[in-house]
Amino acid sequence: YERVVLNEPFHLSYPYTFAWNDQVYMVPESAEAKAVRLYHASEFPLRWEFAGNLLAGSPYVDSSLVHHHDVWWLFTVANPARDCLRLYRAQRIEGPWTEHPRSPVVTANPHLARPGGRVFEHQGRLFRFAQDDFPRYGRQVWALEITRLTDRDYAERLFSERPILRGNRFGWNAHGMHHVDPHLLSDNRWIACVDGHRS
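Under the numbering used here, the first residue of the sequence shown is numbered 142, with each subsequent residue one higher.
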């Protein structure tokens with residue numbers, strides 16, 4: 142840990158970073174600003190510049206993006222109960238972004254709506270993570286496989302009947318886990334950044 146690399150007059154968390162066209166971008170959670178804000182690294186990882194709003198007008202939480210089949214997809218939650226997952230699409234990262242006709246794609250489900258990490262593709266299959274927010278925030282993380290993602294349709298299913306991360310009752314993650322960011326290394330091993338909490 143070296144220093145704070147991005148500071149705004151509103152709360153920031155969930156620093157969703159990704160590389161695209163030789164640039165590194167970040168979409169942090171900025172619900173207090175009522176926008177999904179895009180930043181690009183002018184000097185990675187220490188300097189970031191605001192590149193524009195992808196969405197505005199609602200308290201969007203934990204927005205997660207993926208580029209899949211030449212389209213950008215954005216998953217986010219914007220309702221106070223955090224139990225409805227909305228889906229947007231765009232041809233370019235800067236937008237314009239339009240809501241998917243099936244959105245919200247998860248409704249009235251605090252276990253599976255809120256994004257919980259990187260959306261990623263592996264061996265032709267697309268996966269997303271969801272943080273379980275019931276009966277309390279960030280209790281555990283579920284993995285879901287997105288089985289259909291087109292301009293007109295969306296479907297997903299649980300990858301496992303058990304959560305992939307949960308709190309262990311002791312230490313830094315005593316009360317829950319709420320984020321996972323997996324990366325496949327060049328030697329076919331996986332590494333993941335995770336986030337847990339205690340009261």
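Where is the CB? At the ideal position from N, CA and C, for every residue including glycine. Predicted, not measured: the structure shown is a model, and the values here were computed from it.
Please state whether DSSP places G312 in a helix, a strand or coil. helix
Under a Cβ-count criterion, where at least 16 other Cβ atoms within 10 Å of its own Cβ denotes burial, should F191 be classed as buried or exposed? Burial call: exposed.
What beta strand (DSSP E) runs, 3 residues minimum, are completely inside the segment 181-241? 188-197, 202-209, 212-218 and 226-231
Which partner residues of H324 appear in the DSSP bridge assignment? I332
For my contact list, A231 and S199 are in at a C-beta cut-off of 8 Å; report their separation, rounded to the angstrom. About 17 Å separates the two Cβ atoms, so there is no contact after all.
Could you tell me which of W331, F270 and L228 sits nearest to H241, measuring between CA atoms? The closest CA to that of H241, considering only W331, F270 and L228, is found on L228.
Return yes when the C-beta of E240 is under 7 Å from any heavy atom of the ligand NAD, and no when it is not. This structure lacks the ligand NAD, and indeed carries no ligand of any kind.
C-beta contact flag for P186 and P169 at 8 Å: no
Of the choices H252, H338 and L196, whose alpha-carbon is the least far from that of F275? H252
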